[in-house]
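Quick notes on the structure that follows.
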Amino acid sequence: MSRTTLHPLTIASTRALPDGIAIAFAIPAELASTFSFIPGQYLSLEDTIDEETVRRSYSICSYHKDEQLEVGIKRVEGGVFSTHALSLKPGDQVHVLPPDGRFTTPIDAKNQHHYLLIAAGSGITPCLSIAKSVLRDEPDSQITLLFGNRRIASMMFREDLTALKDLYTTRFNMINMLSAERQDSDLFNGRITGELLHTFSDTGLLGMADFHSAYLCGPLDMVNSVAEALSKLGMNNEQIHRELFTTGNLAATAREIVIDESVVSTGQSVTIYLDGTQSDITVDATRDTVLSAARRAGIDMPFSCAGGMCCTCRCKVLEGETAMDANFSLAQWEIDSGYTLACQARPTTDRVVLDFDAT
Ligand code: FES
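Put into structure tokens, the structure is as follows:
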């Protein structure tokens, strides 16, 4: 089954979240394997809103063997899809891509790991799926969750987390940070930052050497600052997993692309290999990224955030060169190995060959 194939899924149920909604999709038996997922992955939803086709990705919050897949959607100020999602109801159909994403925790009953989950706001969504799945199916593993919110009332999935605490009293430890409501201990007032991690380490609240791996999900500044602190506290890069939900205004400061004018005037020839088929397009790099040119040409290409964050559009440059407007998800080794993000890539040579099937 192609990873670019959208499937019409019916909404089985919805539930209100603080300033958001959780939507559970019924998965028909014939699509069960297509929609099986690893905790931490997301679904891309596509719907027609005011005659425009809009696609957004949302993390799955379900236990990894649940028959229905539930995503958490936080309303974003001015957000077209998140505002539309609040009006969705059971029985409605939405087009959905199979699960994707690299912020994953493969579950193995033999594991004896202690996972550190650090989430801010709606960043709890994939962490909830990880926590539910690890606690249920890795009986010798533990979870410590550091969760940041403005107030208790704005906490997403509070009931789910309380239920996990009640069920797994010795294996699930949750630390709540609040930035706009005072708690008794000053230690737990404020935002999650790298500095906070150092304080928690110095006071012995979190012993970094205890953790097998860390999963960070939230805004870019939080994720970067915490990742830097974890690295200084002794974790290596492979142990630190990151998922971005927002990049703040950094996308607006993407680096300038230098393009040879003589090449631009004719457009660059781009060959795309995807699911074993070849497509040829011309991309005017002054106007288009590879993704936008491919969509204009009617080529179905894997993408979700279109903002350089999710890595769904990762592909390998086999010939020629591209430059990315922004990159919030490819690791340096991937860039060094020739990978790029189609949603951010603009050709800088007159011929480029891209392979979406490269692993
Ligand atoms: S579509 Fe998300 S990084 Fe390109």
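Residue numbers (my numbering): 2 to 360.
Every residue gets a Cβ at the ideal spot worked out from N, C-alpha and C, and that includes glycine.
None of the values given here were measured: they were computed from a predicted structure.
Measuring CB to CB, does residue 98 end up less than 7 Å from residue 12? Working through the sequence shown from its first residue, we reach residue 98 at position 97. Working through the sequence shown from its first residue, we reach residue 12 at position 11. No, Cβ-Cβ distance for residue 98 and residue 12 is not below 7 Å.
Taking residue 192 and residue 149 to be in contact with their CB atoms under 8 Å, please state how far apart those CB atoms are, rounded to whole angstroms. The residue given as residue 192 occupies position 191 in the sequence shown. The residue given as residue 149 occupies position 148 in the sequence shown. Their Cβ separation, rounded to whole angstroms, is 6 Å, which keeps residue 192 and residue 149 in contact under 8 Å.
Can you grab the Cα-Cα spacing for the pair residue 175 / residue 218, in whole Å? If you number the sequence shown from 1, residue 175 lands on position 174. If you number the sequence shown from 1, residue 218 lands on position 217. Rounded to the nearest angstrom, the two C-alpha atoms are 15 Å apart.
Using the rule of at least 16 other Cβ atoms within 10 Å of the residue's Cβ for burial, across every protein chain shown, is residue 239 buried or exposed? Against the sequence shown, residue 239 aligns to sequence position 238. By the neighbour-count rule (16 or more Cβ atoms within 10 Å), residue 239 is not buried but exposed.
Member of 232, 280, 347 whose CA lies at the smallest distance from the CA of residue 268: Here residue 268 is taken as the residue at index 267 of the sequence shown, counted from 1. Of the candidates 232, 280, 347, the one whose C-alpha sits nearest the C-alpha of residue 268 is 347.
When burial is assigned at 16 or more other CB atoms within 10 Å of the CB, is residue 358 buried or exposed? By 1-based counting over the sequence shown, the position of residue 358 is 357. Residue 358 is exposed by the Cβ-count criterion.
Bridge-paired residues (DSSP) for residue 75: What you label residue 75 is simply residue 74 of the sequence shown in a count that begins at 1. Bridge partners of residue 75: 21.
Where does residue 28 fall in DSSP's three states? In the sequence shown, the residue the question calls residue 28 occupies position 27. The answer is coil: DSSP assigns residue 28 none of H, G, I, E or B.
Residue 131 vs residue 41 beta-carbon contact at 7 Å: Here residue 131 refers to the residue found at position 130 of the sequence shown. Here residue 41 refers to the residue found at position 40 of the sequence shown. For residue 131 and residue 41, yes; Cβs fall inside 7 Å.
Any heavy atom of ligand 3 closer than 6 Å to the Cβ of residue 98? This structure does not include ligand 3; its bound ligands are ligand 1.
Does any heavy atom of ligand 1 sit closer than 6 Å to the C-beta of residue 312? On the sequence shown, position 311 is the one that residue 312 refers to. Because some heavy atom of ligand 1 lies under 6 Å away, the Cβ of residue 312 counts as near it: yes.
Can you list, in chain order, the residues of its chain whose CB lies under 6 Å from that of residue 124, leaving out five sequence neighbours each side? Along the sequence shown, read from residue 1 onward, the residue named residue 124 stands at position 123. If we look at residue 124 and ignore the five residues flanking it on each side, its Cβ neighbours are 218, 219, 246.
Taking one C-beta from the stretch 63-79 and one from the stretch 272-286 each time, how about it: are there three or more such pairs within less than 8 Å? no
Nearest by alpha-carbon distance to residue 156: which of 325, 95, 19, 168 is it? As a first step, residue 156 is located in the sequence shown; it is residue number 155 there, counting from the start. Comparing Cα positions, the closest option is 19.
Whole-angstrom Cβ separation of residue 290 and residue 324, contact assumed at under 8 Å? Taking the sequence shown and counting its residues from 1, the one referred to as residue 290 is at position 289. Taking the sequence shown and counting its residues from 1, the one referred to as residue 324 is at position 323. With 8 Å as the limit, residue 290 and residue 324 do not qualify as a contact, their Cβ atoms being about 10 Å apart.
Compute the Euclidean distance between the alpha carbons of residue 213 and residue 341, then round it to the nearest angstrom. The sequence position of residue 213 within the sequence shown is 212, counting from 1. The sequence position of residue 341 within the sequence shown is 340, counting from 1. If you take the alpha carbons of residue 213 and residue 341, they lie about 30 Å apart.
Close beta carbons around residue 6, own chain, < 6 Å, minus the five adjacent residues each side: As a first step, residue 6 is located in the sequence shown; it is residue number 5 there, counting from the start. Here the set comprises nothing.
Please report the residue range of the alpha helix (DSSP H) in which residue 223 lies. By 1-based counting over the sequence shown, the position of residue 223 is 222. Segment 221-233, the alpha helix (DSSP H) holding residue 223.
Can you tell me the Cβ-Cβ gap for residue 115 and residue 83, rounded? I've got them flagged as a contact below 8 Å. Counting from 1 along the sequence shown, the entry for residue 115 is found at position 114. Counting from 1 along the sequence shown, the entry for residue 83 is found at position 82. With a Cβ gap of about 34 Å, residue 115 and residue 83 do not count as contacting.
Endpoints, the alpha helix (DSSP H) within which residue 322 is located: Position 321 of the sequence shown holds residue 322. No alpha helix (DSSP H) contains residue 322, which DSSP labels as neither H nor E.
Leaving out five residues on either side along the sequence, give the residues of the same chain with a beta carbon under 6 Å from the beta carbon of residue 151. One-based indexing of the sequence shown puts residue 151 at position 150. If we look at residue 151 and ignore the five residues flanking it on each side, its Cβ neighbours are 180, 181.
Give me the Cα-Cα distance between residue 293 and residue 31, rounded to the nearest whole angstrom. Looking up residue 293 in the sequence shown gives position 292. Looking up residue 31 in the sequence shown gives position 30. One C-alpha to the other measures close to 32 Å.
Proximity below 7 Å, CB of residue 242 to CB of residue 274: Taking the sequence shown and counting its residues from 1, one reaches residue 242 at position 241. Taking the sequence shown and counting its residues from 1, one reaches residue 274 at position 273. No, the Cβ-Cβ distance between residue 242 and residue 274 is not below 7 Å.
Closest residue to residue 1 among 102, 24, 109, 119 (Cα-Cα distance): Nothing can be reported for residue 1: it is not among the residues displayed for the chain, which extend from 2 to 360.
Residue 129 CB to nearest chain E CB: under 7 Å? You won't find chain E in this structure, because it holds only one protein chain.
Quick check on residue 138: does DSSP put it in helix, strand or coil? As a working mapping, residue 138 is identified with position 137 in the sequence shown. DSSP places residue 138 in helix when its eight states are reduced to three.
Alpha carbon to alpha carbon, how far is residue 353 from residue 360? Start at 1 with the first residue of the sequence shown, and residue 353 comes out as number 352. Start at 1 with the first residue of the sequence shown, and residue 360 comes out as number 359. Rounded to whole angstroms, the gap between the alpha carbons of residue 353 and residue 360 is 18 Å.
Would you check whether ligand 1 has a heavy atom nearer than 6 Å to the C-beta of residue 25? Walking along the sequence shown from the start, residue 25 turns up at place 24. No.
For residue 171, which of helix, strand or coil comes out of DSSP? As a working mapping, residue 171 is identified with position 170 in the sequence shown. Coil, per DSSP.
Of the choices 66, 46, 228, 79, whose alpha-carbon is the least far from that of residue 57? Residue 57 sits at position 56 when you count from the first residue of the sequence shown. It is 46.
Here's a check: name, in chain order, each residue in its chain whose Cβ is nearer than 6 Å to the Cβ of residue 300, leaving out the five neighbours to either side. As a first step, residue 300 is located in the sequence shown; it is residue number 299 there, counting from the start. So the qualifying residues of the chain are 280.
Compare the Cα-Cα distances from residue 111 to each of 137, 133, 67 and report the closest residue. Working through the sequence shown from its first residue, we reach residue 111 at position 110. Nearest option by C-alpha distance: 137.
May I have the straight-line CA-CA distance separating residue 51 from residue 87, to the nearest angstrom? Stepping through the sequence shown from its first residue, residue 51 is reached at position 50. Stepping through the sequence shown from its first residue, residue 87 is reached at position 86. For residue 51 and residue 87, the distance between alpha carbons rounds to 15 Å.
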